[in-house]
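Please read the structure below before turning to the comments.
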Amino acid sequence: MARCGEGSATPVVLLRSPGVCSKGLQKKGPFERRRLKAVISEQLSQDLLRLLMEEIHTDVIFSIGYTLFKAHKAVLLARVPDFYFHTIGQTSDNLTNHEPVVVENFETSEFRTFLQVVYSSDRNIRNYEEEILRKKIVVRGVPQKKCDFSFGICTDNDGRSSVESSDCSLQKHEVPEDVDVGVHNLISADNYDLDPASELGEDLLKLYMKHCCPDIDIYVDGKNFKAHRAILSARSSYFAAMLSGCWAESSQKCITLQGINHVEMNVMMHFIYGGTLDFPEKTNVGQILNMADMYGLEGLKEVAIYILRRDYCNFFQKPIPRTLASVLECLIIAHSVGVDSLFADCMKWIVKHFARFWSERSFANVPPEIQKSCLNMLIQSLVIPSCSCFHLVAQLELGFPLHVVFLTQLLHGLVIPELQVAGLFETLALELAQYRYLCKQNDKNAAFLLMESDRLIISLPRVKWTEVALTMASQLQEECIAFIIENFSKIIHSENFSLLLQSQAMSSTADLLDKILKAIEENITIENSCSLLMALDTLLNSDSTKEMVLKVMEFI
């Protein structure tokens with residue numbers, strides 16, 4: 001008995017939050033969907049082509065001369081129903097098991113190409129099928145009949161009912177109540193519209209939804225899912241091992257899966273057959289990710305990640321109040337199922353807007369290790385950057401000309417002229433530019449983070465759920481002040497420090513500047529006393545800051 005996720009940690013049960021982002025208002029949304037659709041479509045085509053080339057669970061053989069071609073009735077019925085009727089449908093009653101179906105008027109290479117197109121083309125191949133029938137099949141004198149795949153019957157050109165396919169069960173009483181078999185509603189279930197990745201996906205999805213020629217029954221939550229061994233094996237490594245290896249299920253016509261519910265099973269089957277790009281409302285996306293990993297469905301994982309980015313994170317566009325909690329939920333899901341790329345994106349977004357996220361009540365429910373990571377990332381943004389040529393960059397920062405630095409390194413044997421002369425100047429210039437940019441960003445960050453953490457501390461109520469956020473904000477404030485003191489002579493020239501002075505001048509109190517000055521007093525040493533006093537003198541005598549500093553000093 002197969003189990004999904006048995007023995008693994010159960011992720012936090014978080015349900016999809018529909019309607020978080022407005023359709024049509026996203027700049028990134030349509031592009032991301034097109035990109036994903038192209039990827040899933042290509043995966044589906046490659047999987048079906050491999051199904052043909054590796055002859056997995058074939059159930060029909062075609063013969064052209066001495067060459068045999070193994071194929072699958074279900075795929076042919078879904079993709080080329082008229083061809084299926086004119087070849088297999090008319091002869092199946094006269095053939096014994098595994099007896100080849102003789103195909104005339106085809107060259108071997110032509111028929112091989114035809115099958116490859118049927119299995120892998122992501123476009124509608126009805127016109128291609130009609131052309132093949134007209135040139136290759138009807139020429140034998142067999143009256144052309146059109147197979148209406150939607151209803152499982154074959155009709156003559158005048159529309160009269162003729163022969164019903166013996167391999168397609170489309171009786172109304174065999175279709176579950178939640179499946180509408182109307183012509184225009186063939187692929188809609190569980191109150192959500194299915195969007196197949198391609199025409200190939202649409203054809204296969206119709207095959208599944210209408211229960212055409214299944215060869216295996218899968219039971220989940222007491223519900224029966226009729227499927228095809230070949231398609232399951234081609235799309236899922238889990239099913240491939242189960243149905244082709246030494247598992248007990250490989251010889252059974254009915255299997256039972258545990259660890260998933262029928263809604264999740266529906267999502268999986270819709271993806272396996274159609275490469276669908278959406279989930280029904282209130283789907284546990286974390287469980288879908290776990291299930292996709294269990295069943296070896298990398299494409300389904302990509303779809304789940306896309307839905308998390310779209311419905312939970314609004315593709316990380318400008319944060320709005322209703323998306324803050326959902327981004328935190330997405331962070332927890334990504335952490336619990338190990339989606340590192342999504343986790344990193346969520347962390348960057350939360351760190352960038354930390355004051356808004358930390359003030360959310362749901363932030364208190366974030367695992368402590370993730371909360372600590374948020375704080376550490378902010379603290380790390382204050383650290384002076386290092387680079388591979390730091391010792392060279394340091395000399396450049398002290399004012400040594402570039403060619404002098406290079407010659408110094410050359411004389412000390414630190415560079416090899418034959419290998420590094422050409423690229424050293426360029427490397428040093430790039431490293432220096434990056435170093436200066438990051439240092440400038442850190443100088444800006446310190447004053448900005450200090451103001452944001454102070455605003456957060458003031459705004460948070462003193463209740464149980466804010467204790468963690470208050471503690472983290474206080475720690476961040478201490479780190480910012482320590483960094484400002486250490487780099488005071490540079491930071492006083494930054495725009496954010498001017499904004500800090502301005503905000504303190506407009507405030508009824510000047511707590512932040514008071515903390516900075518007290519920290520300077522407590523940390524002054526023989527080594528840094530001159531630079532600190534010169535920086536303070538610069539502040540008091542600068543036309544742009546003098547008035548603000550004096551006004552702030554009145555409050556201290």
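The sequence shown maps to residues 1 to 556 in UniProt numbering.
C-beta: ideal position from N, C-alpha, C; glycine also.
Taking the C-alpha atoms as reference points, what is the distance between residue i and residue j?
i	j	result
residue 559	R79	Because the chain here runs from 1 to 556, residue 559 falls outside it and cannot be looked at.
residue 566	N314	Beyond the ends of the chain as shown, which are 1 and 556, falls residue 566; an answer cannot be given.
R50	F225	24 Å
L52	Q116	8 Å
A519	L331	36 Å
Q477	V351	15 Å
I218	D311	31 Å
Y273	E131	26 Å
T472	L378	Before going further, note that residue 472 is Met rather than Thr in the sequence given. Distance between the alpha carbons of M472 and L378 is about 10 Å.
S362	M347	15 Å
P248	M242	Sequence check: residue 248 is Ala here, not Pro. Cα-Cα distance, rounded: 8 Å.
I125	V118	7 Å
K464	D454	19 Å
M268	P196	13 Å
H228	H353	49 Å
L532	S459	32 Å
I260	M291	8 Å
I need the DSSP call for residue i, collapsed to helix, strand or coil.
i	result
L76	helix
Y312	helix
V102	strand
S22	Since pLDDT at S22 reaches only 48, below the 50 mark, its modelled position is unreliable, and the value read off the structure follows with that caveat. Three-state DSSP puts S22 in coil, outside helix and strand.
F483	helix
L277	coil
V175	Only weak support exists for where V175 lies, its pLDDT of 35 falling under 50; the coordinates are left without a value.
E249	helix
G89	helix
D543	coil
H262	helix
N376	helix
T323	helix
L289	helix
E107	coil
R123	coil
residue 586	The requested residue 586 does not occur in the structure, where the chain is confined to residues 1 to 556.
P367	coil
T466	helix
Y295	coil
Y128	helix
Q502	helix
N528	coil
P81	helix
V383	coil
E360	coil
A240	helix
Do residue j and residue i count as a contact pair if the criterion is CB distance below 8 Å?
i	j	result
Q502	L513	no
I61	V101	yes
T525	I492	no
L277	S236	no
S198	S373	no
S359	L456	yes
K300	V339	Looking at the sequence itself, residue 300 is Leu, so the reference to Lys does not match. Contact flag unset, no.
L324	R356	yes
residue 558	H335	Nothing can be reported for residue 558: it is not among the residues displayed for the chain, which extend from 1 to 556.
L205	H270	yes
I481	L450	yes
A535	S489	yes
F483	L375	no
E302	L36	yes
L48	S120	yes
L342	I305	yes
L44	G275	yes
H262	D293	no
L113	V103	The sequence as given places Thr at residue 113; Leu does not occur at that position. Not a contact, by the Cβ cut-off of 8 Å.
Return the bridge partner residues of residue i from the DSSP annotation.
i	result
A71	V60
V337	V337 is not bridged to any residue.
Y219	N224 and T256
D345	According to DSSP, D345 bridges with nothing at all.
Using only the heavy atoms of the ligand NAD, determine whether one of them is closer than 7 Å to the beta carbon of residue i.
i	result
I458	Ligands are entirely absent from the displayed structure, and the ligand NAD is therefore not among its contents.
Query raised in the report: Are three or more beta carbon pairs between the segment 47 to 57 and the segment 65 to 74 nearer than 8 Å?
Result: Because the criterion of three Cβ pairs below 8 Å is met, the segment 47 to 57 and the segment 65 to 74 touch.
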